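Residues -28 to -1, 1 to 316 in mature numbering (1 follows the signal peptide of the UniProt record, and there is no 0) are what the sequence shown lists, from first letter to last. Presented below is the structure to which this report refers.
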Amino acid sequence: MISRWVHSVVFSLGMVLLPALVPVPAQAESGFAPLDRPGPALSVPPDQLRESLTCHGDPGAASEPVLLSPATSVTPEENYSWTYARAFDAQDRFYCAVTMPDHTLGDIQVAGEYLVHGIREMHRLTGKRIAVLGHSQGGMNPRWALRFWPDVRGMVDDVIGMAPSNHGTESMPACGPKPVECEPAVWQQQAGSDFGQALNSRAETFPGISYTVLYSRLDEVVTPPESSELHTGGGLISNIALQDVCATDVSTHLLVGTTDPVTYALVVDALDNPGPADPARVDASVCGQPLMPHVDPLSVNTYLQPLSALPGLLSTAAPGVNLVGTPQTDREPRLRCYVYAAGC
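What follows is the structure in structure tokens.
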């Protein structure tokens, strides 16, 4: 059964950890870059950016294009190939996926550059404003691109986060030996991190963009679950707890971003309608569905079982390095100079 794998898997995808709302002091707000300052040149080599983006379908398709952003510790293949990729293929929807370095465990400031490239390239290919869909870290990190590269805001119509770590998490995992060493993305997703304060500085959302935040009150990784929510800025915001749509929904962190049918219904609603998702448009029959459409029920465990082994990626292969080569440190990465009001 699906539930038997949840506990072990959420620790891994849960590194995509969720938030506790930590207010940024007013004096700190002024220390961060103004909202309209042009973003810096991308530091990631262009060939690496090109290779990170894989696209599927017809760029001229009528439906809204989607950029898939993966959760911490997974690739788009592991996160979406058996769920949303299958659904979008069935819908004849053009979609792309961005593969981050180090299994999405590295510095999220770098992940933001990959998303800037992905948004620009998809907009170029389609000539349309796109949607960015992500699970956990993948639902949060597109906001770094939008915060510090204003040119991409006009290219994005929807940001849809499934259990997104918008304000960090209070559930800090034990990573390495004492003194504690963790991957950069793990440090950055702690509640109150420097990264989180910069991400949410001045405005959490931007005019012209619709933000759909989907979370479960049973999320054991994002703590508290309500910290996924967004509240400030000029964007259209819909914060939706799955249990407010279907009281019997028992999905935890992993399932929200993979097989949950209520999440899927709200994702499609946001993609197919102006503005963010509206639960009033979702048919009540979704509450009786065991899985989202297009997921093969006979192969669910086949996909979930490997995910349960992903916490092993965080173990130490050598001092200061995990099994996929991601450096582990005893603190979060320093914020880049473009983040600050003084600039570079």
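C-beta: ideal position from N, C-alpha, C; glycine also. Source: prediction; values computed, not measured.
By the neighbour-count definition (other C-beta atoms within 10 Å, threshold 16), Gln20 is an exposed residue.
For Ser210, the enclosing beta strand (DSSP E) starts and ends at 208 to 213. Sequence-distant partners of Arg125 (beyond 5 residues in either direction) whose C-beta falls short of 6 Å from its own C-beta, in its chain, are Leu118, Phe178. Between Thr47 and Met264, the C-beta gap is not smaller than 8 Å, which leaves the two residues out of contact.
With a 10 Å radius around the Cβ and a threshold of 16 neighbouring Cβ atoms, Ala313 comes out exposed.
With a 10 Å radius around the Cβ and a threshold of 16 neighbouring Cβ atoms, Thr44 comes out buried.
The Cβ atoms of Thr224 and Asp74 do not sit closer than 8 Å to each other. Beta bridge pairing from DSSP links Gly205 with Thr177. Closest option to Leu39, judged by alpha-carbon separation, among Gly110, Gly78, Pro6, Tyr310: Gly110. In the DSSP assignment, Tyr236 falls within the alpha helix (DSSP H) that extends over 233 to 244.
Annotated three-state conformation of Thr47 is coil, per DSSP. Put simply, the backbone Cα of Phe167 is about 8 Å away from that of Gln81. Counted as a single uninterrupted DSSP element, the stretch harbouring His75 is not any beta strand (DSSP E), since DSSP gives it neither H nor E.
Shown here for Gln261: same chain residues with a beta carbon closer than 7 Å to its own, the five before and five after excluded, namely Pro233 in chain order.
One thing to note: Cys259 has its Cβ within 8 Å of the Cβ of Thr220. Closest in C-alpha terms to Thr195, from the list Pro248, His139, Ala249, Ala62, comes His139. His266 carries a coil assignment under DSSP once its states are collapsed to helix, strand and coil.
When the alpha-carbon of Ala135 is set against those of Met112, Trp116, Trp121, Met127, the nearest one is in Met112. Leaving aside the five residues that flank Gly90 on each side, the residues in its chain whose CB is nearer than 6 Å to its CB run, in chain order, Leu25, Leu39, Val70. With a cutoff of 8 Å on beta-carbon distance, Thr184 and Ile132 are scored as near each other. Within its own chain, the residues whose Cβ lies closer than 8 Å to the Cβ of Gly29, once the five positions on either side in sequence are excluded, are Phe60, Asp61, Asp64, Arg65, Phe66, Tyr67, listed in chain order.
For the pair Met72 and His266, the Cα-to-Cα distance works out to about 26 Å. Between Leu186 and Val228, the gap from beta carbon to beta carbon is short of 8 Å. In the structure shown, the three-state DSSP call for Cys309 is helix.
The C-beta of Glu23 has fewer than 16 other C-beta atoms within 10 Å across all chains shown, which makes the residue exposed.
In the three-state reduction of the DSSP assignment, Ala135 falls in the coil class, being assigned neither a helical nor a strand state. Residue burial annotation: Glu49 is exposed, with fewer than 16 other C-beta atoms found within 10 angstroms of its C-beta.
In its chain, beyond the 5 residues on either side, Arg115, Trp116, Arg119 have a beta carbon closer than 7 Å to the beta carbon of Leu171. A buried status is given to Ser188, since no fewer than 16 other beta-carbon atoms sit within 10 Å of its beta-carbon. About 16 Å separates the beta carbons of Ser173 and Glu304, which is beyond the 8 Å limit, so they are not a contact pair.
When secondary structure is reduced to three states using DSSP, Thr230 falls in the coil class, being assigned neither helix nor strand.
Residue pairing for Cys68: DSSP places it in a beta bridge opposite Cys27, Leu39.
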